[in-house]
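Take the sequence shown: its letters are residues 520 to 1003, numbered as in the working numbering.
From the three backbone atoms N, C-alpha and C, an ideal C-beta is built for every residue, glycine too.
Below: one structure, written as structure tokens.
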Amino acid sequence: MNTVNTLSENSGKTAIKRYSFSRPVIYLLENNLLNLETSFFDYGCGKGDDVKLLKKQKFKSSGWDPNSFKEEKKTSADVVNIGYVINVIPDIKERIKVLKDAWNLSNKILCVSARLNNEISLLINQKEFLDGYVTEKGTFQKFYDHFELKLFIESTLNKKAIAAGPGVYFVFKDDQLESKYKLNKYKSYIHVPKSLKVEVLYEENQELFENLKEYILEKGRLPKTNEIFEDNKLIEKFKSYKSAFDILSRIYPKLDIEEIAKKRKEDYLLFMSLEAFNGRSKLNTLPVETQNDIKEFFTNYKTAKQESDALLFSIGDPLVIRDKINKCTVGKKTQEALYIHIDAIDNTNSVLRLYEGIARQYLGQPEGNIVKFPYDKKSISYHNYPDFDKHPHPELKTVTKVDLLNLKIIDKDYSTRENPPILHRKELFIDPSDKRYKKFLKLTKQEEEAGLYEDTSRIGTKHFWEELLLKKKLEIKGHKLIYK
């Protein structure tokens, strides 16, 4: 007979031996929230694999688990992770207590994760119990809806939970760190090539100039006097940042600060539009650099809010969405949607970036790499082609659809299909400036010349494509078409 106490005692059986970082820790590392300067504590660490792997890489990490490491002490840390713990606790009061306990140990950020409803199908011989299931091993598992998990965290801690990925949330204690994290999520990448002519003055102060260049690329403006930048060494040598920039612009003639500023202003519009869903912070609570950015790009905070509200309002009009999709110069367009590689989202426009940003804010970091923008449906889908870079015609593994109207996440798994959908013309999904573009385009031209695209209605799945190659006595090695 199963009881709450028995199931709680069996929770140790759910711990999984890992040989790589867990998904929550990967998100923390990818976003630089966990680094060599921060301390890490794993609350309910299971077999302790995340802690061990971090220690191997010189991170300050420790952990505690009621089954495997109960002799260890619960200690406070900058970053506390409570990974897939609350879902194995049958008593909801105990779940709340444990979550609050982990929160109290965190100095800067708490990472919370739990299993989602789409994993229920993986269970065998499960039995319903309370608000979850008893598994074949005699353990308890509670499966959450993505939004349900967010509400549970927020109602328990009385703090905003920010989606990091499916079933993974960040809760910040450090407001400035939260603002920096959210802004960095939507910051677009800019590359500036170097001039062949190198000035002697630049050579003598190369590190200072390169740091100034990186600052401009990141901010779209020159540093302000109320910011600590390079201990003011540039001002000491060149009297002002403007004078230093004049020299830098001769080394990098394509370093157009006005164009970078336009891009960064768009990034801020996106950031502030998304902030409206959770309530925007007061200006004086934001980092000094962020306050300076807003004043530089919008003159004042009121104007910034008005412009971001207008952008947010525009995406409610389906005609605006359709128009922005039609005007988009990157991505593959069909009769029903635009498909674009996630790396090229920054090369679309502010409306589509915001539209996808809303989905990502709800979902967190998506697993897929091809994003679908439907013309007429309030949804964003992420299609996962794990071998997109390596395989000339990668197979579709999963699709995650974010229903923006009903705030639902719908998953489809194609990984077990014998004849899965595959991709063609990969260059269409990426920006022409992408280093992969020429290689992908070259293969497409070879396939066109070989007559492989004469009947496009039959080549969208793996088996039909392989049969066609066999029939024409062709094979593909790498990204080259070869006659047998």
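CB contact flag (residue i, residue j, <7 Å)
{"i": "Leu736", "j": "Lys752", "result": "no"}
{"i": "Phe560", "j": "Thr594", "result": "yes"}
{"i": "Cys847", "j": "Thr867", "result": "yes"}
{"i": "His998", "j": "Pro911", "result": "yes"}
{"i": "Glu697", "j": "Glu746", "result": "no"}
{"i": "Asn481", "j": "Asp930", "result": "The requested residue 481 is not part of the displayed model; the chain covers only 520 to 1003."}
{"i": "Val631", "j": "Tyr562", "result": "no"}
{"i": "Ala633", "j": "Tyr663", "result": "yes"}
{"i": "Gly686", "j": "Leu635", "result": "yes"}
{"i": "Ile864", "j": "Glu875", "result": "yes"}
{"i": "Lys1011", "j": "Leu924", "result": "Because the chain is modelled from 520 through 1003, residue 1011 falls outside the range shown and cannot be assessed."}
{"i": "Val599", "j": "Leu555", "result": "no"}
{"i": "Phe694", "j": "Thr818", "result": "First, the residue type needs correcting, since residue 694 is Asp and not Phe in the sequence shown. Not closer than 7 Å, so no."}
{"i": "Gln660", "j": "Leu793", "result": "no"}
{"i": "Asp950", "j": "Val849", "result": "yes"}
Distance between residue j and residue i (C-alpha atoms, nearest Å)
{"i": "Val523", "j": "Asp650", "result": "Because Val523 carries a pLDDT of 49, less than 50, the predicted location of this residue cannot be relied on, and the following value inherits that uncertainty. Roughly 12 Å separates the two Cα atoms."}
{"i": "Thr654", "j": "Cys564", "result": "21 Å"}
{"i": "Gly582", "j": "Lys589", "result": "10 Å"}
{"i": "Lys692", "j": "Ser625", "result": "8 Å"}
{"i": "Pro940", "j": "Asp597", "result": "44 Å"}
{"i": "Glu755", "j": "Asp765", "result": "16 Å"}
{"i": "Ser768", "j": "Gly739", "result": "14 Å"}
{"i": "Lys646", "j": "Ala682", "result": "30 Å"}
{"i": "Trp984", "j": "Lys852", "result": "21 Å"}
{"i": "Asp922", "j": "Ile834", "result": "15 Å"}
{"i": "Glu733", "j": "Leu741", "result": "11 Å"}
{"i": "Leu715", "j": "Ile770", "result": "With a pLDDT of 40 at Leu715, under the threshold of 50, the modelled position of that residue is not reliable, and the figure given next carries that caveat. Distance between the alpha carbons of Leu715 and Ile770 is about 8 Å."}
{"i": "Leu915", "j": "Asn903", "result": "6 Å"}
{"i": "Lys961", "j": "Ser934", "result": "28 Å"}
{"i": "Asn811", "j": "Tyr760", "result": "15 Å"}
{"i": "Leu573", "j": "Leu942", "result": "37 Å"}
{"i": "Asn703", "j": "Leu552", "result": "12 Å"}
First through last residue of the beta strand (DSSP E) which encompasses residue i
{"i": "Thr919", "result": "917 to 922"}
{"i": "Tyr1002", "result": "999 to 1002"}
{"i": "Phe578", "result": "Careful: Phe578 lies outside any beta strand (DSSP E) and carries neither H nor E."}
{"i": "His860", "result": "856 to 860"}
{"i": "Lys784", "result": "Looking at the DSSP string, Lys784 is not in any beta strand (DSSP E); the run it does join, the alpha helix (DSSP H), is 776 to 794."}
Residue i burial status per 10 Å Cβ neighbour count (16 or more: buried)
{"i": "Gln576", "result": "exposed"}
{"i": "Thr963", "result": "buried"}
{"i": "Ala829", "result": "exposed"}
{"i": "Thr658", "result": "buried"}
{"i": "Gln725", "result": "exposed"}
{"i": "Ser580", "result": "buried"}
{"i": "Ala795", "result": "exposed"}
{"i": "Arg787", "result": "Reading off the sequence, residue 787 comes out as Tyr, not Arg. By the neighbour-count rule (16 or more Cβ atoms within 10 Å), Tyr787 is buried."}
{"i": "Ser762", "result": "exposed"}
{"i": "Thr675", "result": "buried"}
{"i": "Glu778", "result": "exposed"}
{"i": "Lys713", "result": "For Lys713, the predicted model reports a pLDDT of 47, less than 50, meaning its position is unreliable; a value from the coordinates is still stated below. Exposed, by the Cβ-count rule."}
{"i": "Gly602", "result": "buried"}
{"i": "His982", "result": "exposed"}
Nearest to residue i (by Cα), restricted to the options the options
{"i": "Gly887", "options": "Val918, Arg879, Lys896, His912", "result": "Val918"}
{"i": "Ala780", "options": "Ser762, Arg799, Ile615, Ile813", "result": "Ile813"}
{"i": "Lys945", "options": "Lys957, Gly798, Ser934, Thr935", "result": "Lys957"}
{"i": "Leu802", "options": "Lys782, Leu793, Leu670, Lys824", "result": "Lys824"}
{"i": "Asn797", "options": "Leu915, Phe832, Ala680", "result": "Ala680"}
{"i": "Gly970", "options": "Leu993, Leu915, Tyr760", "result": "Leu993"}
{"i": "Pro1055", "options": "Leu731, Tyr820, Val870", "result": "Beyond the ends of the chain as shown, which are 520 and 1003, falls residue 1055; an answer cannot be given."}
Endpoints, the alpha helix (DSSP H) within which residue i is located
{"i": "Asp812", "result": "807 to 817"}
{"i": "Asp569", "result": "568 to 575"}
{"i": "Ile672", "result": "665 to 676"}
{"i": "Ala682", "result": "Ala682 -> not in any alpha helix (DSSP H); beta strand (DSSP E) instead, spanning 681 to 684."}
{"i": "Val839", "result": "837 to 846"}
{"i": "Lys619", "result": "611 to 624"}
Contact test: residue i Cβ vs the ligand ADP heavy atom, cutoff 6 Å
{"i": "Thr675", "result": "The ligand content of the structure shown is nil, which means the ligand ADP is not present either."}
C-beta neighbour in chain C for residue i, strict 7 Å
{"i": "Asp974", "result": "Absent here is chain C; the protein component of the structure consists of one chain."}
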